[in-house]
Every structure is written in C-alpha cells, then in structure tokens.
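Reviewing the structure listed below.
Okay, structure coming up:
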C-alpha cells in the first residue's frame, strides 16, 4: 500500500463504497442498467481497436524510456493513472483537439511551466488519511455546486462564496506544503520522486505523435463517409481520396475544406474531381497573395476576416456558398455564463475577390442580460469600424447600440447600420441585433 498516498487511498475508498451501494441497492436498479449499456457501447470493435493501438504504442514508449534509464518498475502506478486520464481522455477529445490550432504547442509548454512543478510538489504531501477521506467528497461537492452556480447569474453570490472557499483551501494546501518541505524534506528528496516528476510529462510528450496520427486518420475517415454522398462512383471516390492524401497529406484543415467544397458540387468524372483540387489551390494562392482592393469597391476578404480575431471572433475559410456568393463566418462566441448564454458571430460576405458586407450578429437569449451583451457588441463594433473604415464609432451609433434601436449612417459610399429583429413569443423576450458595415 506504500505506493499509494493518502489522497489516492481516500479516493479508492469512496469509489469502492459508492460502487458497492450502486451494485447492491434496489434504488440503483436503473443506474445499473444504464451503466451496463455504457459498458456494452464501450466494448465495440472500433473503440477497442483504437485502445489496443494506444496500449501497443505506449508499451513501446515505456520500453524505450526504460532502456534510456528514464522509467522503472516503480512507475507502473503513475503510468496506469496517466493512461486512464491523459491518454484515454485525449482520444475522446480528438474532435476538440482538431479545432484547437495550438493544442500541441500548449501541451509541450504546459509540461515545462513552473506551475507544473508547483502542482507536483503540492501533490507529494497529502493530508492524513482521515482528513483526505473527509476532503475528497467535500471538494467534489463544492466543485459540482460551483458548476451549477455558473449556469445562471442569479447564483452569482453563491458562486463567489464557493470560489472563496476553494481559494481558502488552496492557500491552506500551499501553507501545509511549505510546512512539510521545511520539516520533512526527505519525503521529496528521493530518487523515486524525481521519476514521479519526469515520467508523466515524458509520457505526454511522446504520446503527442500518436494523437496527431489518430487525428489525421479520423479526419480522413470522416471525409470518406461524407464523400459517399457527394461521389456515387466507388472507383472515383477512392481515386479522389488517394489524390487528396497525396496533395494534402497531414494538412487536415485543407482536407476538410476540400471535402466541404466537394459537397457543393456534382462530381461525376475525373475532370470534375480535378476542378475541386484546382479550386482549393486557387483560393489558397489568393489567401497567401491577396489582391489590393480599392476602398471604393470594398475590402480584401482575407484581411477583413481577421479584423475581430483578437476578440475571439476568428472566422473559418472564405468559401463560395452557392453561385457567386462567398462567405466567411466565425463560430458563435458565447458571452458570459448562464444556461442559455448570449452569443455573437462575425460574417464576411461578398464575391470571390471583394468583401462588400461585414456583419456582427448578436443573439440576446435573455433580455435581462441585454446591457452586458450590448456593451460587448459596442466594443466589437468600435473595432470593426476602426478596422474597416478607419473611423471611430459615432456617438449616435453607440447610443443606438446600447438602446438596441435601429439606425443607419452613411459615410461616402459606405453604410453603417444597426438592425433589430424581435423574436415573437420568446420565453425570455429575446431578440437579435445586427451591426453591418457595407458598400453601397
């Protein structure tokens, strides 16, 4: 039992107790049935194949680290814990990882931060077993309550109290750790402690190539499924996938962009297929070498789509939707907390070479929060106006935004407008507001 600290033993005791209750209590019959279905869903061929690959890959990494003198048998516990947490959860978060351009960079930097060292030192010294047995469910309860309190602004006072309690506990843990470092430094000054510190970060770093390969593989698999609806011929579909792999290889964003373009076209021949690749090459070249657009005509779409990226409104690619209509739009950016938070998005619309409309759309899902949401819209509108027209937002427009009242202003051949659309019979009296800068 010496390989487990008191915190791990306390967690194990609670897991055993809860598991025993769930398995034996008549009240937990439905829970047992649901859990059984989850287990059955987990042990499907696809998931088990990926897990097998993960185990083989990590076994190879552990062997290599062992040969290099960076892993020993005392690290079995840490390795198993790492695999059940970081390793397994990373596989289930592949879709999230795809959208995070900085995931691999953050994974490397995160293991080298001073905070990682502090967290490790804090975890070395656990409280006495009885204290950990009491603290584990208490902190879990506070964490759950904090998550619930964050769903609605009316619980803001409760949220602050819970955050204060957690902060106080954090200071207590740090104080206890400093005390133990002074009085029991020998606990951390061990060879095993050094291994405990370096093994998890090394496992994470060596695991990143496997995550990257799985991310690329899952993207090609998803694209292959989508192509079944766009390319009916099996031979042509396999040829298209082969060409895509040769052209895009590990550049998954280009691969997904190409598959989205294919979905909007009828691909019945090799000529049609090659046109889709030529289109991607053309727009990529236009992005790298954008045309100089006269201010009288509009804006360069590749510059306009970046106007609000620093405010969290980063658009996707500038693509043609139907016919000659081209659009780049950002995902909905949530403002604040709440069960149904307000959200805002940024749109760039125009032709292939010129953007003629820049639009912010704010959805106010609860009128009681409109002041906060409208203030956020005002700040983003100010930045958009400065970036697109090189002009500050007028006082009249600022007032119109804060009152959510419609207004139109004209600056030469450019128009700045605010449009409000009501949502009839909305339970929280919601509505949306559009701030639009456009060429006349």
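Residue numbers (the working numbering): 1419 to 1858.
Don't be surprised by glycine CBs; every beta carbon is placed ideally from N, CA and C.
The model shown is predicted, which means the values in this text are computed figures rather than measured ones.
Own chain residues within Cβ distance below 6 Å of residue i, not counting five before or after
{"i": "residue 1446", "result": "1440"}
{"i": "residue 1765", "result": "1747, 1777"}
{"i": "residue 1800", "result": "1811"}
{"i": "residue 1853", "result": "1778, 1799, 1836"}
{"i": "residue 1805", "result": "1725"}
N-terminal and C-terminal residue of the beta strand (DSSP E) that residue i is part of
{"i": "residue 1826", "result": "1825-1829"}
{"i": "residue 1685", "result": "Taken as a continuous stretch (DSSP letters only), residue 1685 belongs to no beta strand (DSSP E), as it is neither H nor E."}
{"i": "residue 1781", "result": "1773-1782"}
{"i": "residue 1764", "result": "1760-1768"}
{"i": "residue 1744", "result": "1744-1747"}
Chain-order list of residues whose beta-carbon lies under 8 Å from that of residue i (same chain, five-residue window excluded)
{"i": "residue 1659", "result": "1638, 1641, 1642, 1645"}
{"i": "residue 1688", "result": "1654, 1657"}
{"i": "residue 1490", "result": "1484, 1613"}
{"i": "residue 1468", "result": "1509, 1632"}
{"i": "residue 1750", "result": "1761, 1762, 1763, 1781"}
{"i": "residue 1560", "result": "1580, 1583, 1584"}
{"i": "residue 1663", "result": "1638"}
{"i": "residue 1807", "result": "1829, 1832, 1834, 1855"}
{"i": "residue 1742", "result": "1769, 1770"}
{"i": "residue 1555", "result": "1432"}
Reduced DSSP category for residue i - H, G, I as helix; E, B as strand; rest coil
{"i": "residue 1711", "result": "coil"}
{"i": "residue 1503", "result": "helix"}
{"i": "residue 1853", "result": "strand"}
{"i": "residue 1653", "result": "helix"}
{"i": "residue 1752", "result": "strand"}
{"i": "residue 1462", "result": "coil"}
{"i": "residue 1620", "result": "helix"}
{"i": "residue 1520", "result": "coil"}
{"i": "residue 1728", "result": "helix"}
{"i": "residue 1667", "result": "coil"}
{"i": "residue 1532", "result": "In this prediction, residue 1532 has a pLDDT of 49, which is less than 50 and means its spatial position is unreliable; nothing more can be read from the coordinates."}
Rounded straight-line distance, which links the Cα of residue j to that of residue i
{"i": "residue 1815", "j": "residue 1851", "result": "13 Å"}
{"i": "residue 1771", "j": "residue 1709", "result": "7 Å"}
{"i": "residue 1840", "j": "residue 1763", "result": "18 Å"}
{"i": "residue 1532", "j": "residue 1612", "result": "In this predicted model, residue 1532 has a pLDDT of only 49, less than 50, meaning its place in the structure is not dependable enough to derive any value."}
{"i": "residue 1461", "j": "residue 1509", "result": "15 Å"}
{"i": "residue 1562", "j": "residue 1577", "result": "11 Å"}
{"i": "residue 1437", "j": "residue 1431", "result": "10 Å"}
{"i": "residue 1454", "j": "residue 1843", "result": "42 Å"}
{"i": "residue 1601", "j": "residue 1582", "result": "29 Å"}
{"i": "residue 1696", "j": "residue 1683", "result": "14 Å"}
{"i": "residue 1676", "j": "residue 1701", "result": "11 Å"}
{"i": "residue 1822", "j": "residue 1566", "result": "31 Å"}
{"i": "residue 1838", "j": "residue 1824", "result": "6 Å"}
{"i": "residue 1944", "j": "residue 1589", "result": "This structure cannot settle anything about residue 1944, because the visible part of the chain is limited to 1419 through 1858."}
{"i": "residue 1649", "j": "residue 1686", "result": "7 Å"}
{"i": "residue 1580", "j": "residue 1715", "result": "55 Å"}
{"i": "residue 1698", "j": "residue 1661", "result": "13 Å"}
{"i": "residue 1502", "j": "residue 1665", "result": "36 Å"}
{"i": "residue 1433", "j": "residue 1552", "result": "14 Å"}
{"i": "residue 1674", "j": "residue 1442", "result": "49 Å"}
{"i": "residue 1480", "j": "residue 1487", "result": "10 Å"}
{"i": "residue 1512", "j": "residue 1422", "result": "31 Å"}
{"i": "residue 1558", "j": "residue 1548", "result": "16 Å"}
{"i": "residue 1721", "j": "residue 1738", "result": "17 Å"}
Distance between beta carbons of residue j and residue i, contact taken as under 8 Å
{"i": "residue 1424", "j": "residue 1587", "result": "Actually they are not in contact, since the Cβ atoms of residue 1424 and residue 1587 sit about 16 Å apart, beyond 8 Å."}
{"i": "residue 1796", "j": "residue 1819", "result": "5 Å"}
{"i": "residue 1760", "j": "residue 1780", "result": "7 Å"}
{"i": "residue 1856", "j": "residue 1733", "result": "In fact, because the Cβ distance is near 17 Å, the residues do not count as touching under 8 Å."}
{"i": "residue 1905", "j": "residue 1745", "result": "Coverage of the chain is limited to positions 1419 through 1858, which leaves residue 1905 absent and any answer about it impossible."}
{"i": "residue 1790", "j": "residue 1754", "result": "6 Å"}
Residue i, enclosing alpha helix (DSSP H) - first and last residue
{"i": "residue 1489", "result": "Run containing residue 1489: none; DSSP gives neither H nor E here."}
{"i": "residue 1845", "result": "Here residue 1845 belongs to no alpha helix (DSSP H), and DSSP marks it neither H nor E."}
{"i": "residue 1816", "result": "1813-1821"}
{"i": "residue 1832", "result": "Looking at the DSSP string, residue 1832 is not in any alpha helix (DSSP H); the run it does join, the beta strand (DSSP E), is 1832-1840."}
{"i": "residue 1439", "result": "1424-1442"}
{"i": "residue 1794", "result": "1788-1807"}
{"i": "residue 1858", "result": "Looking at the DSSP string, residue 1858 is not in any alpha helix (DSSP H), and its letter there is neither H nor E."}
{"i": "residue 1585", "result": "1574-1601"}
{"i": "residue 1720", "result": "1719-1722"}
{"i": "residue 1561", "result": "1547-1567"}
Cutoff 7 Å; reference residue i; Cβ partners in own chain excluding five residues on either side
{"i": "residue 1668", "result": "1634"}
{"i": "residue 1785", "result": "1846, 1847, 1848"}
{"i": "residue 1500", "result": "1618, 1621"}
{"i": "residue 1830", "result": "none"}
{"i": "residue 1449", "result": "1440"}
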